[in-house]
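In my numbering, the protein residues as written are 2 to 564. Heads up, the beta-carbon is just placed ideally off N, CA and C, and yes, glycines get one too. Predicted model, so just to flag it, every value in this text is computed and none were measured. Here is the structure we will look at.
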């Protein structure tokens, strides 16, 4: 069955009911762990910084495992195989030891100084407005394609259910506008508490659907032997557009660099995104972060099963045809569910995907808006802005952010939605040295960090632009390019990152030798170990006045440091 066969009334009804219930929960979420209103970034944008282990686990799970999980990864497995799709599994495994090491330090220094974004931290660490702006702008821009990916996920579900698509521009993009309206409304009214509440429903639905799918579907298509055999046969067929094999059943010798760099680069990049930082900083202690780094890999197991559903669809003979009559790999998982499940359960599966897109899209728009209001509006446009004014600007910007995401969806190639996220990864990875290295040392010079970032951003963007989709002829058709000095293909973000590191290290050595000022540091060693229950940490840091001293951490006068 294809998406063009008409409306699945039962599945659509179940989807709409669950979607409406979740939207209502989003509007009511402002009362969840309510603080002193939503008139500050701490309350609206970080949920009051009071989420415990389980709330944070659901929130981070809802934030990190998105429509990318349900739509783009299985679609890549279905279309081109393991290199383009299955790398997401090792990347999430590598990810958690990385965040276990550095995220607790970032949480502590952010709690101590009232930082809301990584750009706040960079501003305090180096007293550099320009470096802070670079981090803020990168995070803001890189988030756009990630939000777009969530909207593509919602659109895929509604299209398979029989809504949207076709030649009429209004009807074709109606699912995106519906998603925009719902997201805009409950995000504006409830802030981060909305996705925190919805994440509970989202994860319950996801686990239910995946457990049923991996138990039920293989038996319907001949078992895993038949599934792997069908996938291997399809990947070996010749792509008429390129003359090369359709894809890779497993990464070959010439594809190892692509697979490895995609996995490592994505792992290093993920927690540089503003939405990942926002979800982490909303937790109530540094140990909450570390506990979540230990238990979040449970999602990686689910991700592996989800990825394999792309090959289940091959064995099932799923034909993902959109309402416009064109093949669309992004529809393959919703189409598989509609073809193989009873209509009522297909509706539940559709809701799981749609809600799985709503949660991260809400967090992403909040995080991008926080970045704008704190690091662009207050830092550059209105330094005397009150917390209430910051929150108001952030709420309005969250609407504009979603509009930018719509532009991505409407102007770039939706057939390869996974490249939306990878394009953002090219950009956001270049902030890794500025943020993570600076949590441990100030040896890296602020001007060297800025130069490395700038060169890498230009290089990465140009290289990505030069990748042309062989089928559509459009630019930004992928994220792999030849690694300089090697014949193999690799993730452009990692090549740019290597260039970034070389420039940063060389220039830092030169500038330090010349004793060029590296700015003042408002943090002290104690800040990186402070916890929520430490009586030495004052509670009103977000409203701290510029130039005033912080509370003294150890009873030794004068070492707390001015802002």
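CB-CB length for residue i against residue j, believed under 8 Å
i           : j           : result
residue 162 : residue 332 : Residue 162 to residue 332, Cβ: 11 Å. No contact.
residue 449 : residue 509 : 4 Å
residue 122 : residue 307 : Between residue 307 and residue 122 the Cβ distance is about 34 Å, and since that is not below 8 Å, they are no contact.
residue 428 : residue 120 : At roughly 14 Å, the Cβ-Cβ gap does not stay under 8 Å, so residue 428 and residue 120 are not in contact.
residue 494 : residue 266 : 4 Å
residue 423 : residue 480 : 4 Å
residue 285 : residue 52  : 6 Å
Which of helix, strand or coil DSSP assigns to residue i
i           : result
residue 247 : coil
residue 19  : helix
residue 526 : helix
residue 322 : strand
residue 273 : coil
residue 508 : helix
residue 328 : strand
residue 542 : The predicted position of residue 542 is uncertain, since its pLDDT is 45 and thus under 50; no value can be drawn from it.
residue 163 : coil
residue 473 : coil
residue 342 : coil
residue 65  : helix
residue 366 : helix
residue 49  : helix
residue 518 : coil
residue 283 : coil
residue 253 : coil
residue 82  : strand
residue 337 : helix
residue 174 : coil
residue 13  : helix
residue 441 : coil
residue 487 : coil
residue 8   : coil
residue 43  : helix
residue 358 : helix
residue 531 : coil
residue 478 : coil
residue 240 : coil
Close Cβ partners of residue i (< 8 Å) along its chain, the five nearest in sequence each way excluded
i           : result
residue 269 : 99, 430, 433, 498
residue 364 : 60, 63, 64, 193, 196, 276, 279, 280
residue 84  : 248, 249, 252, 256, 259, 260, 263
residue 337 : 218, 310, 313, 314, 317, 319
residue 519 : 127, 443, 446, 447, 512, 513
residue 540 : With a pLDDT of only 45 at residue 540, under the threshold of 50, the placement of this residue in the model should not be trusted; the figure read from the coordinates follows. Cβ within range, chain order: n/a, list empty.
residue 288 : 105, 532
Opening and closing residue of the alpha helix (DSSP H) in which residue i lies
i           : result
residue 311 : 298-317
residue 209 : 194-221
residue 92  : 89-114
residue 396 : 388-412
residue 450 : 447-466
residue 225 : 224-237
residue 1   : The requested residue 1 is not part of the displayed model; the chain covers only 2 to 564.
residue 384 : Run containing residue 384: none; DSSP gives neither H nor E here.
residue 32  : Unbroken run through residue 32: none, as it is neither H nor E.
residue 126 : 119-127
CB contact check: residue i to chain C, cutoff 8 Å
i           : result
residue 218 : As a matter of chain content, chain C is missing from the structure shown, which is built from one protein chain.
Proximal residues to residue i (C-beta, below 6 Å), its chain only, five neighbours per side dropped
i           : result
residue 210 : 350, 353
residue 1   : A query on residue 1 cannot be resolved here, the shown segment of the chain reaching from 2 to 564 and no further.
residue 80  : 330
residue 104 : 281, 290
residue 298 : 97
residue 305 : 90
residue 478 : 468, 469, 470
residue 272 : 100
Residue i, enclosing beta strand (DSSP E) - first and last residue
i           : result
residue 481 : 481-483
residue 491 : 490-492
Nonlocal neighbours in the same chain, by C-beta distance under 7 Å from residue i, ignoring five residues either side
i           : result
residue 451 : 131, 132, 135
residue 301 : 90, 93, 94
residue 11  : 344, 345, 348
residue 87  : 78, 308
residue 437 : 103
residue 405 : 145
I want to know whether the segment 182-194 touches the segment 22-29 - three or more CB-CB distances under 8 Å. At 8 Å Cβ cutoff, the stretches touch.
Spell out a yes or no on whether the segment 87-95 and the segment 115-123 are touching, meaning 3 or more CB-CB pairs, one atom from each, closer than 8 Å. The segment 87-95, when compared against the segment 115-123, does not touch it at the 8 Å Cβ threshold.
Is the segment 388-401 touching the segment 370-378 in the sense that three or more CB pairs, one from each, lie closer than 8 Å? Because the criterion of three Cβ pairs below 8 Å is met, the segment 370-378 and the segment 388-401 touch.
Does the structure place the segment 322-332 close enough to the segment 67-76 that three or more beta carbon pairs sit under 8 Å? As far as the Cβ criterion goes, the segment 67-76 touches the segment 322-332, which means the pair count is three or higher.
Do the segment 399-414 and the segment 143-156 meet, that is, are 3 or more Cβ pairs less than 8 Å apart? Contact between the segment 399-414 and the segment 143-156 is present: three or more C-beta pairs spanning the two stretches fall below 8 Å.
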